[in-house]
Amino acid sequence: MSTSVHAVHQGYLSLYLHIPFCRTKCNYCDFNTYAGIESLIPAYVDALVRGMEMWGRAVGPKSRVDTVFLGGGTPSLLPVEDTDRILQTCATAFELSPGAEVTLESNPGDLTHRLLEGLLAVGVNRLSIGVQSFNNAHLVALTRRHSAAEAAQAFRMARDAGFDSINLDLMYGLPRQSLSDWVETLDEALGLSPRHLSLYALTLEEGTPLWKDVDTGAVPESDSDLAADMYLHAEEALGRAGFVHYEISNWAKPGYECRHNLTYWRNGSYLGLGAGAHSYYGGYRFSDERNPRRYIERVTGLYEGRNNGQRGPADGRMVVTAEMLRRTAPIDHLEAIDEGLEMAETMMMGLRLMEGVSYEGFDGRFGRSLDSMYGAEVEELVGLGLLERCPSTGSGRAGLIRLTPRGRLLGNEVFGRFLSDEV
Ligand code: SF4
Numbered sequence: 003m004s005t006s007v008h009a010v011h012q013g014y015l016s017l018y019l020h021i022p023f024c025r026t027k028c029n030y031c032d033f034n035t036y037a038g039i040e041s042l043i044p045a046y047v048d049a050l051v052r053g054m055e056m057w058g059r060a061v062g063p064k065s066r067v068d069t070v071f072l073g074g075g076t077p078s079l080l081p082v083e084d085t086d087r088i089l090q091t092c093a094t095a096f097e098l099s100p101g102a103e104v105t106l107e108s109n110p111g112d113l114t115h116r117l118l119e120g121l122l123a124v125g126v127n128r129l130s131i132g133v134q135s136f137n138n139a140h141l142v143a144l145t146r147r148h149s150a151a152e153a154a155q156a157f158r159m160a161r162d163a164g165f166d167s168i169n170l171d172l173m174y175g176l177p178r179q180s181l182s183d184w185v186e187t188l189d190e191a192l193g194l195s196p197r198h199l200s201l202y203a204l205t206l207e208e209g210t211p212l213w214k215d216v217d218t219g220a221v222p223e224s225d226s227d228l229a230a231d232m233y234l235h236a237e238e239a240l241g242r243a244g245f246v247h248y249e250i251s252n253w254a255k256p257g258y259e260c261r262h263n264l265t266y267w268r269n270g271s272y273l274g275l276g277a278g279a280h281s282y283y284g285g286y287r288f289s290d291e292r293n294p295r296r297y298i299e300r301v302t303g304l305y306e307g308r309n310n311g312q313r314g315p316a317d318g319r320m321v322v323t324a325e326m327l328r329r330t331a332p333i334d335h336l337e338a339i340d341e342g343l344e345m346a347e348t349m350m351m352g353l354r355l356m357e358g359v360s361y362e363g364f365d366g367r368f369g370r371s372l373d374s375m376y377g378a379e380v381e382e383l384v385g386l387g388l389l390e391r392c393p394s395t396g397s398g399r400a401g402l403i404r405l406t407p408r409g410r411l412l413g414n415e416v417f418g419r420f421l422s423d424e425v
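Quick note: the numbering used here has the sequence shown finishing at residue 425, numbered continuously throughout.
The following block contains the structure:
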């Protein structure tokens with residue numbers, strides 16, 4: 003166990019709440035989610051509420067939550083009363099910013115007028131719909147439980163109910179998916195006029211049913227060059243449609259960038275609650291107990307045990323230790339992040355963003371210049387055409403570095419250069 007001690011100024015926080023329930027398990031998915039355990043939902047929601055109360059007490063009343071993200075799994079499976087209870091607890095355990103972004107991930111098969119209106123009424127103001135494809139054959143191949151028409155209908159219902167900020171998740175690089183299939187899916191999505199699109203290449207996760215099918219030859223492997231062409235087509239088509247390509251895999255109409263995910267990419271602090279949820283707080287990365295049943299038991303044990311009286315400091319400054327974290331949450335894995343690793347992670351995640359990493363921002367955060375830490379790596383990657391320096395307005399001095407269009411296709415290669423000495 004680490005004995006590192008970190009002082010934290012209480013300020014803005016992002017909160018991730020993991021809902022590990024799915025009605026069916028998709029064949030490509032290796033997220034910490036389960037089908038057939040919905041009977042646990044009431045006890046799990048109790049545990050989440052208790053978890054938030056414990057965190058609220060531990061980090062103090064001045065911690066202002068600016069973004070809340072209900073992810074999964076399938077948060078749209080929760081009865082709206084449970085979502086209401088969770089969000090009300092957020093507002094009492096912490097201080098919820100008046101303009102907080104509150105996102106809920108949903109499956110198109112769950113969305114009804116009644117549910118959508120209920121979600122808006124309890125404070126959800128951003129909806130993410132897991133569409134994945136507008137091609138029925140691909141949806142069947144991915145064992146999704148909705149059709150293309152249902153997904154389009156879900157989007158329209160959400161708009162009619164009053165949701166303005168809607169994201170669609172789509173996947174490309176699917177087995178047997180042609181470029182024209184992808185063009186059609188993207189056109190269908192654009193026809194709905196979403197404010198945000200997240201486009202991810204399918205990754206074959208070892209052990210999943212789809213991975214096994216590809217491994218045995220029952221399903222052909224997708225072509226990575228074709229997937230790159232799909233990505234390039236998306237960049238071009240979405241640019242024409244007025245989207246800002248603000249992160250490698252994310253596009254938004256101006257002003258609709260996902261603030262919650264920006265916290266991750268800017269290497270900011272967030273608390274994750276729920277089975278297997280990850281956090282980065284006070285110089286530690288840690289994750290909660292993965293098994294939903296044991297998560298409930300362990301939160302209950304902490305809540306009913308000595309932690310229940312724990313109080314955070316009133317002066318807005320607190321000391322975070324591994325022991326304090328373990329008294330507050332049912333932690334499985336915990337890692338102290340030293341400054342070297344924090345720098346590497348700041349580079350790796352910041353370069354995912356089109357805003358890149360600014361020299362001034364790096365200097366302000368670490369008290370050291372970016373060039374003194376990574377001058378050689380940046381030089382080499384600029385030479386390879388994977389990074390570019392952009393001057394700040396007027397001064398002529400390099401203001402930021404970011405990926406080039408080619409670097410966006412080879413992101414992992416670039417990120418590895420910053421992590422290699424640290425891991
Ligand atoms: S709905 Fe989403 S989280 Fe659930 S199994 Fe399918 S891909 Fe995984």
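Quick reminder that beta carbons are idealized off the backbone N, C-alpha and C, glycines included.
The structure displayed is predicted, hence computed values, not measured ones.
| Item | Value |
| --- | --- |
| Output the boundary residues of the beta strand (DSSP E) element that contains GLU237. | Element bounds for GLU237: not the beta strand (DSSP E) but the alpha helix (DSSP H), 226-242. |
| So is the beta-carbon of PHE33 under 7 Å away from any non-hydrogen atom of ligand 1? | yes |
| How is GLU357 classed by DSSP in three states: helix, strand or coil? | coil |
| Whose C-alpha, out of THR205, SER195, TYR36 and ARG410, is nearest the C-alpha of GLY74? | TYR36 |
| If you compare alpha carbons, which of GLY209, THR26 and ARG52 is closest to ASP32? | GLY209 |
| Kindly examine ligand 1 and report whether one of its heavy atoms sits closer than 7 Å to the Cβ of ASN138. | no |
| Figure out for me which residue from ILE250, ILE43, GLU382 and THR406 has the closest Cα to the Cα of GLU390. | THR406 |
| Would you kindly report the start and end of the unbroken alpha helix (DSSP H) that includes LEU185? | The sequence given here places Val at residue 185; Leu does not occur at that position. Residues 181-193. |
| For a test of your reading of the model: does the CB of CYS28 fall under 7 Å from any non-hydrogen atom of ligand 1? Yes or no. | yes |
| Could you tell me which of GLY278, ALA277 and HIS262 sits nearest to SER271, measuring between CA atoms? | HIS262 |
| If we call anything under 8 Å between Cβ atoms a contact, is ASN169 one with SER200? | yes |
| In the structure shown, what three-state DSSP assignment does LEU80 receive? | coil |
| What first and last residue would you give for the alpha helix (DSSP H) that runs through ILE339? | Element bounds for ILE339: n/a, residue is neither H nor E. |
| For the alpha helix (DSSP H) containing THR69, name the first residue and the last one. | Unbroken run through THR69 is the beta strand (DSSP E), 66-74; no alpha helix (DSSP H). |
| In this structure, how does DSSP classify ALA331 when only helix, strand and coil are distinguished? | coil |
| In this structure, does DSSP put GLY366 in helix, strand or coil? | helix |
| Quick check: does the Cβ of THR205 come within less than 7 Å of any heavy atom belonging to ligand 1? | no |
| Could you check where the alpha helix (DSSP H) with ALA123 kicks off and where it finishes? | 115-123 |
| Assuming ASP227 contacts GLU291 (C-beta within less than 8 Å), just tell me the rounded distance between them. | Contact doesn't hold; Cβ gap of about 41 Å is too wide. |
| Tell me where the beta strand (DSSP E) around ASN414 begins and ends. | Careful: ASN414 lies outside any beta strand (DSSP E), inside the alpha helix (DSSP H) at 413-421. |
| Check each candidate in LEU304, TYR297 and VAL321 and name the one with the smallest Cα separation from TYR286. | VAL321 |
| May I ask you to check if the CB of ASN109 is nearer than 7 Å to at least one heavy atom of ligand 1? | yes |
| Assuming GLY53 is part of the beta strand (DSSP E), what are its boundary residues? | Note, GLY53: premise wrong, no beta strand (DSSP E); alpha helix (DSSP H) at 43-61. |
| Please go through the same chain and pick out, in chain order, the residues whose beta-carbon is closer than 6 Å to the beta-carbon of LEU89, but skip the five residues on each side of it. | VAL124 and GLY125 |
| Can you tell me the Cα-Cα spacing of LEU388 and SER251, whole angstroms? | 17 Å |
| Taking the continuous beta strand (DSSP E) assigned at TYR376, which residues delimit it? | Element bounds for TYR376: not the beta strand (DSSP E) but the alpha helix (DSSP H), 372-385. |
| For GLY311, does the count of other Cβ atoms within 10 angstroms reach 16, so buried, or fall short, so exposed? | With a pLDDT of only 47 at GLY311, under the threshold of 50, the placement of this residue in the model should not be trusted, and no figure is reported. |
| Quick one: grab the DSSP three-state call for GLU97. | strand |
| In whole angstroms, what is the alpha-carbon distance linking LEU118 and VAL47? | 20 Å |
| Could you check what DSSP says for GLY311 in three-state terms: helix, strand or coil? | Its pLDDT being 47, under 50, GLY311 is placed unreliably by the model, and nothing is read from it. |
| Per DSSP, TRP267 forms a beta bridge with which residues? | Looking at the DSSP assignment, TRP267 forms no beta bridge with any residue, so it has no partner. |
| Looking at THR105 and ligand 1, is the gap between the Cβ and the nearest heavy atom below 7 Å? | no |
| By the DSSP assignment, the beta strand (DSSP E) with ILE131 in it spans what residues? | 128-134 |
| Taking Cβ to Cβ, would you say TYR376 is nearer than 8 Å to PHE417? | no |
| Would you kindly work out how many angstroms separate the C-alpha atoms of ARG329 and GLY401, rounded to a whole number? | 43 Å |
| Helix or strand or just coil, what does DSSP make of GLY409? | helix |
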